[in-house]
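Positions 8 to 635 (our numbering) are the ones given, in order, by the sequence shown.
Here a beta-carbon is modelled for each residue, glycine too, at the ideal position from N, C-alpha and C.
Here the structure is laid out as structure tokens; the discussion comes afterwards.
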Amino acid sequence: MYGETNVALTATGTGNDLGWWRNFDEIPTSATFGDEDFLGDTWTSHGITAVGSHTVYVAEYDPTHTCFGPPTPVELIIHELPDPKIQDPGMICYTQASVNISIEPAGSVLSGAGVSGTTWTPQFTASATGVKTTTLTLDASQAWGSGTDRKATCTNQTTLDVDVTNVLAPTGTGILPNPPVTWGIASIESLPPMEIDYYPTASLSIKDSTGTVISTSSPLTMYPTHISKIGKYSYDVTQTLNSCVSPIAKSIWIIVNCPTPAPILTPVAICEEDNGTLPSITAVADGFNFEWRDSTGLVIETTKDLDLSTFGNKYAAPGRYTFKMSQEKNDAAGMPCRGPEATVTFTVNPTPVFTIALSNTKTTICQTDPEVIASPVITNNAVVASMDYSLSGNSIGGIILSGSNGSLTPASVVGAAQFGLVPMTITATLTDSKGCEATQTENIEIQHTPAPVIADLSRMTSAVPVEVTGTGEGVKFYSNQNASRTALTGVVEKTTTTWTLPTSFIDPTKETLPAKDFFATQTILGCESTDDLVRVELFNCPVPRPSAVSEIICNYDDIPTLTAIPAPLSTWFKPKQGTSEFRWFTRTTTNPDDGSRVAVGDHTPRYQRQAATLRLGMWLNIAHSTTV
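Here it is, written out as structure tokens:
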């Protein structure tokens, strides 16, 4: 086969193996297996790619004589690919109707959007200024040789990107669809400038009626250099991009001897949170034929009042909207004369967006925590003018927080009798510098932890260690506190509910010791309670502890009578919370029934206590103690 690179070379023998060689001189006189460059019927790995004529050799293996037979030459011809070329026509303007594209070699096929033969119709976006690129493709082919076994056709392809520039006429002051600029000579000093909108990378040209370029930039001040008296003025405005010039846009200016003043307009502003309640803009004007125009120059109202609500939500979104208004009055000759336009803005200020940040970032605020300050975090560049805060959700009722940052003291908003987790809501209202308001809420929880319940304790045996037990969560025992009892300053002696007092505090080998005070707290949700006073006293008391029997009943049984022995000398108590006295007794020296119930060497009555338990229904525990 011809005309291709890396072509597969195939030979057919009598059925025996075929061997291939690149070089005739390398074929051994008696070639056998292993001497060949390739063994097989089809050889595709020969690696011959250079343009030109190449000869390789193939021979059939003779198994009888164990050698290859005489080689047969095989010719491989590789032709050059055609080299297609498209001549670049350069930058093309939208004004060019067609372009003849030069190609090589002749007979190649050109394709692409707008192509017919070798004629191309420039492609561009007619509605916009800019450059559009079209890719042209050229396919070329070349036939080589003749005959079925020596003919080959080679093909190749190239592409070219062609740019077309489209330039629209500029728009701006006095250019359609805007109306001509009509101005009274009496107010010529306030004549507005000519403002032209053109493509960012294009060059601008403004010519007067004589064809003289008077400016290449915008805005252009018209008074007094170009317009200073009554008359009609016309200016040709064009823009040029990539040497392509736009159509001419004419800016028309008319200066008249008109006494009609511009209306008096006052800017109007509302807040977004006004829920789309759009106002009317009222002009101070005493003429007729009023005209209100929007920012595009379109007449949108012909009365003195511009009611914005008639346009639906067109002007409801946050932003600034500009309107112009003019009026007509009769001049000295009784002819209607339109005065200059007055401009007014209508602004919809956005609602401020913010969140509430707390100086105390804990999940649960403690009733004993210091002052908590709430402050706004602005997320839309609003400028804060004022903040109002209120607090709700607790039994005290609504409290206006103090200060612009909403400071509150947890102890002042959670009552002394409000224990547990107290949910509350902080409500913040932000007023920004535009007078717009927004409200946010922040839910907080204040934990007021009660002091633990300290169980009463008495001992009758002198040499028993003293144990103090507290009921609660995270009970801690302290050795002392400061004089004002606002904070515990002593060492934490124990952090479990039961504390055995060391002999360094209470020596159980002594018969009497003065009272010693300790203090206990509990911690719930990370909030420690105020302290509970625990007083332990060792003294000699002759009075034995009464005995009492616990009862177990069902919830539908009659409530039983709890009996203590000796009954006449017993008094019942409930477990208490608050100051707890632990009186530890060393011995009894007198029978309680003989009327002599005074400790040796002590004339002060002492007490012994016994607990009885009443169990009802679902094991409700009610502890009682007795005093004799």
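Three-state secondary structure (DSSP) of residue i
{"i": "E196", "result": "helix"}
{"i": "D204", "result": "strand"}
{"i": "D281", "result": "helix"}
{"i": "S482", "result": "Sequence inspection shows Val at residue 482; the Ser mentioned does not correspond to that position. In this structure, V482 counts as coil in the three-state DSSP scheme."}
{"i": "P521", "result": "strand"}
{"i": "E33", "result": "helix"}
{"i": "S333", "result": "strand"}
{"i": "P316", "result": "Sequence inspection shows Ser at residue 316; the Pro mentioned does not correspond to that position. S316: helix per DSSP, three-state reduction."}
{"i": "C344", "result": "strand"}
{"i": "F295", "result": "strand"}
{"i": "M431", "result": "strand"}
{"i": "Y642", "result": "For the chain, the structure presents residues 8 to 635; residue 642 sits outside this window and is missing."}
{"i": "L183", "result": "coil"}
{"i": "I566", "result": "coil"}
{"i": "Y328", "result": "strand"}
{"i": "G602", "result": "Legend: pLDDT at G602 = 32, less than 50; position of this residue unreliable, no value from coordinates given."}
{"i": "K92", "result": "strand"}
{"i": "L83", "result": "strand"}
{"i": "E308", "result": "strand"}
{"i": "T21", "result": "coil"}
{"i": "P612", "result": "Residue placement at P612 is poorly supported in this model, since its pLDDT is 35, which falls under 50; the coordinates still yield a value, given next. DSSP places P612 in coil when its eight states are reduced to three."}
Reference residue i, options the options, closest by Cα
{"i": "E280", "options": "K331, A209, L227 and V355", "result": "V355"}
{"i": "L175", "options": "T228, V244, Q164 and L117", "result": "V244"}
{"i": "S333", "options": "F295, L428, A324 and T172", "result": "F295"}
{"i": "I453", "options": "H72, Q447, I461 and T432", "result": "T432"}
{"i": "E480", "options": "H233, G533 and F40", "result": "G533"}
{"i": "P319", "options": "V106, L285, F31 and A150", "result": "The residue you asked about is not Pro; residue 319 is Gly in the sequence shown. Nearest option by C-alpha distance: L285."}
{"i": "V460", "options": "V482, Y205 and E449", "result": "V482"}
{"i": "T160", "options": "N367, W151 and M229", "result": "W151"}
{"i": "A349", "options": "A133, S197, L25 and D42", "result": "S197"}
{"i": "A424", "options": "L415, S440, A458 and A392", "result": "A458"}
Proximity of residue i and residue j at Cβ, strictly below 8 angstroms
{"i": "W127", "j": "G181", "result": "no"}
{"i": "Q529", "j": "T456", "result": "yes"}
{"i": "T329", "j": "D312", "result": "no"}
{"i": "E87", "j": "V58", "result": "yes"}
{"i": "F361", "j": "L305", "result": "no"}
{"i": "I192", "j": "I237", "result": "yes"}
{"i": "K517", "j": "V543", "result": "no"}
{"i": "T208", "j": "Y101", "result": "no"}
{"i": "D170", "j": "T140", "result": "yes"}
{"i": "Q94", "j": "I85", "result": "no"}
{"i": "N23", "j": "P80", "result": "no"}
{"i": "P89", "j": "S148", "result": "yes"}
{"i": "G442", "j": "C278", "result": "yes"}
{"i": "L16", "j": "T62", "result": "no"}
{"i": "P359", "j": "A389", "result": "yes"}
{"i": "P78", "j": "W28", "result": "yes"}
{"i": "T267", "j": "E335", "result": "yes"}
{"i": "A307", "j": "D301", "result": "For clarity, residue 307 is Ile in the given sequence; the question names Ala instead. Yes."}
{"i": "I372", "j": "P430", "result": "no"}
{"i": "T352", "j": "R327", "result": "yes"}
The alpha helix (DSSP H) enclosing residue i, as first and last residue numbers
{"i": "A445", "result": "Where A445 is concerned, there is no enclosing alpha helix (DSSP H), although the beta strand (DSSP E) it sits in stretches over E444 to H455."}
{"i": "V171", "result": "Counting along the chain, V171 falls outside any alpha helix (DSSP H), though it belongs to the beta strand (DSSP E) covering A159 to N173."}
{"i": "S419", "result": "P417 to V420"}
Contact belief for residue i with residue j at Cβ below 8 angstroms, rounded distance in angstroms
{"i": "I203", "j": "S235", "result": "Going by Cβ atoms, the distance from I203 to S235 rounds to 21 angstroms, so no, they are not a contact pair."}
{"i": "L145", "j": "S115", "result": "5 angstroms"}
{"i": "G210", "j": "Q246", "result": "For the sequence presented, residue 210 should be read as Ser rather than Gly. At roughly 7 angstroms, the Cβ-Cβ gap stays under 8 angstroms, so S210 and Q246 are in contact."}
{"i": "G413", "j": "A435", "result": "6 angstroms"}
{"i": "P343", "j": "S194", "result": "Not a contact, Cβ separation roughly 18 angstroms."}
{"i": "P254", "j": "L227", "result": "Not really, about 20 angstroms apart at Cβ, beyond 8 angstroms."}
{"i": "A310", "j": "E298", "result": "It is Thr, not Ala, that sits at residue 310 in the sequence shown. Wrong, their Cβ atoms sit about 10 angstroms apart, outside the cutoff."}
{"i": "I363", "j": "E449", "result": "4 angstroms"}
{"i": "K257", "j": "Y242", "result": "7 angstroms"}
{"i": "P91", "j": "E111", "result": "7 angstroms"}
Residue i, enclosing beta strand (DSSP E) - first and last residue
{"i": "S241", "result": "G238 to L248"}
{"i": "S148", "result": "G137 to W151"}
{"i": "P383", "result": "V379 to I385"}
{"i": "S397", "result": "V391 to S399"}
{"i": "L365", "result": "F361 to L365"}
{"i": "Y64", "result": "G59 to D69"}
{"i": "E43", "result": "Segment: none, E43 is in no beta strand (DSSP E) and carries neither H nor E."}
{"i": "G191", "result": "V188 to G191"}
{"i": "V220", "result": "V220 to S222"}
{"i": "I234", "result": "Segment: none, I234 is in no beta strand (DSSP E) and carries neither H nor E."}
Any chain C beta carbon closer than 8 angstroms to residue i
{"i": "C278", "result": "Note that chain C does not occur in the displayed structure, where there is just one protein chain."}
Any non-hydrogen atom of the ligand ADP closer than 7 angstroms to residue i Cβ
{"i": "M394", "result": "Annotation note on the ligand ADP: not contained in the displayed structure, which lists no ligands."}
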